[in-house]
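Residue numbers (my numbering): 4 to 310.
Every residue gets a Cβ at the ideal spot worked out from N, C-alpha and C, and that includes glycine.
Predicted, not measured: the structure shown is a model, and the values here were computed from it.
Scroll down for the structure; my scribbles are underneath it.
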Amino acid sequence: MENVNVPEFDRAAFAARLEEELRALAVPLLPGSQLAKLVNRALGEGRSFRDYLPGPELPRLRTFIERFVSPEVVRPTEQRQGSDILFAVPHEASAFSLAQDGRLWKAFVAVQPVSQLVFNRSTGAVSVLPAGLPVPDGCAVVQRVQPHEHRDLRANFCDSLTKRGVPIGDLLEAALEESEGFYQRWLQMLRARKPLDREWGHFRNEELLSLYEQRLRQLGAPEDRAQQLKKELFLDHEVARAPKKAADALVAAEAASNAPRDHRDNRERRARELLRVASERLPLEQLLSVQLPVSVILDLTAHLPEQ
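Written out as structure tokens, the structure is:
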């Protein structure tokens, strides 16, 4: 048998680079043709996975993955997209670190989304799945917010205003409308009645987050995990709305909250950064809802400049 030289490579470094590529892509399923490009890029130096599969048989990506890559990073499935094998990416990271840029929020809330959310029952993670791809084994679709649920939210908001004695005029009629462009008209009416526009935003977000948690519980998520995923959805929404600096602080604070205990100093620094960003961005009514011990308030007031 002819002795064929196979190029040597650092498998650990390769696996780390490939995992970084997959995390940046942030999808639970990946067609083989797309994965091959990531593998070759992670190998570097103009290499191809085919270089490591010498012999008479046709070099297949599946063979390379099974031979050189841990199934915890990526593994083949029996599912296909056309003739392309789909590979599963069993992310262990939180849904927030996988999504970012508001993709989680958009997939859940958009009336006509281009993607959907899937809940992995074994890992407890939520991922964004592009439309058209099959749902991975062991996962369930998190149903997006339906049009009638959006309409009910608007009607419930009007009802809450009425109970508070706030005149709503023709708001309820606008809330129930569903013709083209109705939502922009609804927002314009709220902006003409400030601060109802801000109140609506807060009301809507709270209700949608509660609905998301309810959906996850129905899919079998434990209560504490559903609450954590709810918080991650909120942060994902904040990332989409916040300036980059504020978004980075929110992400850092969330990561710090899950860091090992020996990272306490780093967690404290990031928590302080988050509080600073919150003080600059939150409206007054939300700032007033933040509960601080009296001793902390007295200490803070001692450092305020004299008026």
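Rounded to the nearest angstrom, what separates residue i and residue j at their Cα positions?
i: L236; j: D162; result: 26 Å
i: L214; j: L156; result: 11 Å
i: E60; j: F52; result: 14 Å
i: L64; j: L175; result: 58 Å
i: Q187; j: N159; result: 18 Å
i: L211; j: R44; result: 40 Å
i: Q146; j: P62; result: 40 Å
i: R321; j: L199; result: Outside the displayed range of the chain (4 to 310) lies residue 321, so it cannot be described from this structure.
i: L38; j: R228; result: 30 Å
i: A177; j: V169; result: 16 Å
The beta strand (DSSP E) with residue i in it runs from where to where?
i: P34; result: 32-34
i: Q221; result: Note, Q221: premise wrong, no beta strand (DSSP E); alpha helix (DSSP H) at 199-221.
i: F52; result: Per DSSP, F52 belongs to no beta strand (DSSP E) and is neither H nor E.
Any idea if residue i is buried or exposed, counting beta-carbon neighbours within 10 angstroms, 16 or more meaning buried?
i: K233; result: buried
i: D173; result: exposed
i: R201; result: exposed
i: D13; result: exposed
i: K166; result: exposed
By the three-class DSSP mapping on this structure, what secondary structure does residue i have?
i: F12; result: coil
i: A143; result: strand
i: A91; result: strand
i: L156; result: helix
i: S163; result: helix
i: P150; result: helix
i: Q37; result: helix
Assuming residue i and residue j are in contact, meaning their beta carbons sit under 8 Å apart, how far apart are those beta carbons, in whole angstroms?
i: V76; j: A91; result: V76 to A91, Cβ: 10 Å. No contact.
i: V131; j: L107; result: 6 Å
i: L32; j: L136; result: 5 Å
With residue i as the anchor, note down where its alpha helix (DSSP H) starts and where it stops.
i: T80; result: Unbroken run through T80 is the beta strand (DSSP E), 78-84; no alpha helix (DSSP H).
i: Q191; result: 185-194
Would you say residue i lies against chain B (beta-carbon separation less than 8 Å)?
i: P74; result: Within the model displayed, chain B is absent; a lone protein chain is all it includes.
How about residue i: is its Cβ closer than 7 Å to a heavy atom in the ligand SAM?
i: L56; result: The ligand SAM is not among the ligands present in this structure, which contains no ligands whatsoever.
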